[in-house]
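Under our numbering, the first residue of the sequence shown carries the number 7, and numbering increases by one thereafter.
Backbone N, C-alpha and C fix where the C-beta goes; we use that ideal spot for every residue, glycine too.
To keep things clear, I will list the structure first and then write my remarks on it.
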Amino acid sequence: MKFGPALRAAAGIAVLSIMDAVIKGMSAHYPTFQVAFLRFMCGSIVVAGVVAVLKPGWPNRETVAANAIRSVIAVVTALSFFYALGQLPLAETLVLSFLSPMFIALFGMLMLREKVDSRIVGAIGIGFLGTLVVVLGQTGEANAARSWTGVAAALVSAITYALSLVLLRQRAQRDKFLHIVIFQNIGPFILVAPFGLWAWQPLHYEHLAWFMLMGVLGVIGHVLMATAYAKAEAARLAPLEYTALIWAVLIGYGVFSEIPTWATLGGGILIVAAAMLTSRR
7 MKFGPALRAA
17 AGIAVLSIMD
27 AVIKGMSAHY
37 PTFQVAFLRF
47 MCGSIVVAGV
57 VAVLKPGWPN
67 RETVAANAIR
77 SVIAVVTALS
87 FFYALGQLPL
97 AETLVLSFLS
107 PMFIALFGML
117 MLREKVDSRI
127 VGAIGIGFLG
137 TLVVVLGQTG
147 EANAARSWTG
157 VAAALVSAIT
167 YALSLVLLRQ
177 RAQRDKFLHI
187 VIFQNIGPFI
197 LVAPFGLWAW
207 QPLHYEHLAW
217 FMLMGVLGVI
227 GHVLMATAYA
237 KAEAARLAPL
247 EYTALIWAVL
257 IGYGVFSEIP
267 TWATLGGGIL
277 IVAAAMLTSR
287 R
């Protein structure tokens with residue numbers, strides 16, 4: 007595998023991790039449906055501007071049908087993940103989401119007939135061991151009550167996110183990347199709009215800039231991920247998802263003055279090792 011797709015995937019994960027932090031901040035002020043509605047609305051506005059400039063042309067019927075299914079899965083993933091972000095700490099939500107690489111490898115094997123070699127299995131295992139170190143360290147040090155509905159939502163999002171990425175790999179080899187990004191934003195926007203309007207609460211206009219930032223980061227992240235998965239197998243890119251925890255630690259320290267524990271640092275080293283292992287030929 008060339009290093010280019012791995013670099014793009016890692017950059018996409020970093021961008022989307024920053025978006026997650028912004029979403030968590032807004033989830034403290036608004037219901038989950040409203041946050042999802044505004045995130046995808048702003049993403050659709052950004053996509054519309056990009057389409058006006060690049061003019062990718064109209065998608066064919068197969069592209070529309072296949073990406074419509076991905077839109078439904080994206081809504082389920084977003085709503086469950088946004089809810090989890092509102093109920094759990096950012097790092098804990100991301101740790102729970104790290105079950106997704108195993109499901110990515112499984113779905114890739116079942117749906118795309120991808121071969122999962124021992125190096126990929128080892129990378130996934132090392133990365134998940136790193137998440138266990140973090141979880142056990144946090145469990146031992148934190149006495150606060152855990153939101154089990156938040157935990158369940160994070161696990162649902164991990165499964166549907168994995169399915170979405172495998173379908174992304176499938177479509178990225180056939181569709182224009184911009185068509186994929188269009189459906190990744192406009193499709194969920196249309197689907198979640200009725201629920202977002204139903205749950206609507208008065209919007210503080212100073213928050214509009216943060217929602218627009220979500221839209222920009224979402225589009226950039228999806229472009230990076232789509233172009234990465236077009237060039238590399240889903241299972242090979244899956245362990246790179248673990249690098250999101252590194253960004254969560256950095257954002258927590260830099261923005262919220264959260265000091266990472268030794269368990270977090272030790273787990274982070276294992277996660278980085280997993281990412282490096284899967285990125286090598």
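Residue i (DSSP reduced to helix, strand or coil)
i    : result
Y167 : helix
E120 : coil
G63  : coil
L105 : coil
E247 : helix
W154 : helix
L94  : coil
Y89  : helix
L209 : coil
D26  : helix
Q179 : coil
A238 : coil
P194 : helix
A34  : coil
Among the options, the one whose alpha carbon lies nearest that of residue i
i    : options                : result
G10  : A279, G273, E239       : E239
G55  : I192, A250, I252, L276 : I192
I277 : A250, L256, Y259, I257 : A250
I165 : A111, L13, W154, Y259  : A111
E247 : Y259, G133, G202, L203 : G133
Supposed contact pair residue j and residue i - C-beta distance, whole angstroms, cut 8 Å
i    : j    : result
G49  : V172 : Actually they are not in contact, since the Cβ atoms of G49 and V172 sit about 22 Å apart, beyond 8 Å.
L219 : V157 : With a Cβ gap of about 28 Å, L219 and V157 do not count as contacting.
A236 : F183 : 7 Å
R76  : F189 : 6 Å
A129 : A280 : 4 Å
F217 : M32  : 7 Å
V81  : V222 : Going by Cβ atoms, the distance from V81 to V222 rounds to 20 Å, so no, they are not a contact pair.
F323 : T137 : Beyond the ends of the chain as shown, which are 7 and 287, falls residue 323; an answer cannot be given.
H185 : N73  : 7 Å
Residue j beta carbon less than 9 Å from that of residue i
i    : j    : result
V53  : V187 : yes
Q207 : Q40  : yes
A168 : P107 : yes
A160 : S86  : yes
L91  : T99  : yes
Near the ligand HEM: residue i beta-carbon under 8 Å from a heavy atom
i    : result
L219 : Summarising the ligand content, the structure contains no ligands, and the ligand HEM is consequently not present.
Is the region 108–119 touching the region 36–48 in the sense that three or more CB pairs, one from each, lie closer than 8 Å? no
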